[in-house]
Every structure is written in C-alpha cells, then in structure tokens.
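Undergrad: The sequence shown begins at 263 in the working numbering and counts up by one. A virtual CB, placed ideally from N, CA and C, is assigned to each residue, including glycine. Nothing here was measured: the structure is a model prediction, and the numbers come from that model.
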Amino acid sequence: MALPEVESPARQDARWPLEVVTARRPLRWLGAACVLVVLGMVASALVTNPAWEWPVVGQYLFAPSVVRSVLFTLELTALGIGLGFVLGAVLALMRLLPNRLLSSVAWAYVWLFRSVPLILQLLFWYNLALLYPRLSVGVPFGPAFFDFGTMDLIGPLTAAALGLALHQAAYAAEIVRSGLLSVDHGQREAAAALGLPLARRLFRIILPQAMRTIVPTAFLSKVL
C-alpha cells in the first residue's frame, strides 16, 4: 500500500508565501493625535492672542543693537569653545600621563572649574584688579623686570573670554580623555612596537580614531 505524499515545508512556503503583517497599535496613534491637538491649541493661543503684540516683538527682536549683541555673543562663544578645547586637550593628555604630579594638577583643575559656577568665575576674572591691582613679570620669587595694571590687561571682553575658555576646558578635558581611552589599547601597543614617536602615534593613529567619540559627545554637550 503506497503512503500518501507529504509536501515539504519548503514547497508549502513556495506556494503560499509568508505575509508580513505589521502590529496595530491604536493607543499609540491615539496618543500622537492628542499631542498634535494640544500643540495646535498652544500654537493657536500664541498666534491669535493680541496681548502678545507680535509686531512690537519683531520690531525689538531685529533691532540693530540686538542683532549686534547676538553676533557678539556668538563670536565670544566660539572663542571660548575654541580656546577651551585646546586647553582641554592639554589637560586630557596630562591626566593620561604616568607622572603623578601632572595628572594630579589636571584632576584638580577639572574638579575645581567644574564645581565653581560659571557666573562666579566670570565675576572673579572681571574683578581681578580688586585683588591684584598690578601684575609683574620677572624671576620667580625674585626681582620683577616690569609690571602693568591689571585693568589694562584684563578688560570686560578679555575677562569674559578667559572665564568661558577656562570653564569650557574642564569639560572638554573629560570629553577628550574619554575619546582617547575609547581607542583600543592594542592600537597603542602596535604603534609603539613599530617604533613610532609619541607625537606621531598621537596625531596619526590615536587621535583620528578618538575623534569618532569626541565629536558627537562635544556636539551633544553644546546642544543639550
């Protein structure tokens, strides 16, 4: 007696191909619709309410003095971030050195400038002349060659740029250090085994790989 022929699963799949059915989530769509309705109500309340006086807002928002102030703020911010990351890179390298003194100094700098509020640092640099009216240049703990007034050296713009740069350097040091530590230790060992100088190892092998971690983290830290 012949046994009935049984179709294999592969032949069954070929005859009736599988259909992908997306899961239906009505509560999610309902929640999204509610959020859109709330956002529309908020936008309508802002646009249609005459108490906001939007023409007056636009008149003062784009006033020449306001536009100049915004551009000056952007320039000052870019200057503080640029100088801060340069100093932060130096601090990050100091943290990674085996020298205990340099590493401790870099750690103390990061701890201090991250702990003190930024507004207090700006006030300190702006009023530095109250504590040190004159600064001198000469032999350490010895005679001075010449001196100058602190107010002539550190004006309002210099105090703001200096305060922002030193504050930013504390955060940039941790961002750069985390990026350098993210590079696999085998890369450092391989570069050292090839006899490459330390500077070339850093700028040609370690730093390009670390930038994949440094750049997104630095961008998110500025945005958030």
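What are the residues that DSSP puts in a beta bridge with V399?
TA: As a first step, residue 399 must be located in the sequence shown, where it is residue number 137. According to DSSP, V399 bridges with F408.
Undergrad: Would you call the CB atoms of A427 and L345 closer than 8 Å?
TA: As a working note, residue 427 is residue 165 in the sequence shown. As a working note, residue 345 is residue 83 in the sequence shown. Cβ atoms of A427 and L345: closer than 8 Å.
Undergrad: Can you tell me where the alpha helix (DSSP H) holding L424 begins and where it ends?
TA: Along the sequence shown, one-based indexing puts residue 424 at 162. First-last of the alpha helix (DSSP H) with L424: P418 to S444.
Undergrad: Just list the alpha helix (DSSP H) runs in the segment 302 to 379, keeping only unbroken ones of 4 residues or longer that don't cross its boundaries, in chain order.
TA: With a minimum length of 4 residues, the continuous alpha helix (DSSP H) runs that stay inside the segment 302 to 379 are 316 to 323, 326 to 358 and 362 to 377.
Undergrad: If contact is defined by three or more beta carbon pairs under 8 Å, each pair taking one atom from either stretch, is the segment 412 to 432 in contact with the segment 362 to 381?
TA: The segment 362 to 381 vs the segment 412 to 432: in contact.
Undergrad: Does the Cβ-Cβ distance between A461 and A354 come in under 8 Å?
TA: Your numbering for residue 461 matches position 199 in the sequence shown. Your numbering for residue 354 matches position 92 in the sequence shown. Taking 8 Å as the Cβ cut-off, A461 and A354 do not qualify as a contacting pair.
Undergrad: What is the rounded straight-line gap between the Cα of A325 and the Cα of L341?
TA: One-based indexing of the sequence shown puts residue 325 at position 63. One-based indexing of the sequence shown puts residue 341 at position 79. Using only the alpha carbons, I get a separation of about 25 Å.
Undergrad: Look at the Cβ atom of G441, then the Cβ atom of T475, and state whether they are nearer than 8 Å.
TA: Position 179 of the sequence shown, counting from 1, holds the residue named residue 441. Position 213 of the sequence shown, counting from 1, holds the residue named residue 475. Cβ distance < 8 Å, so G441 and T475 count as in contact.
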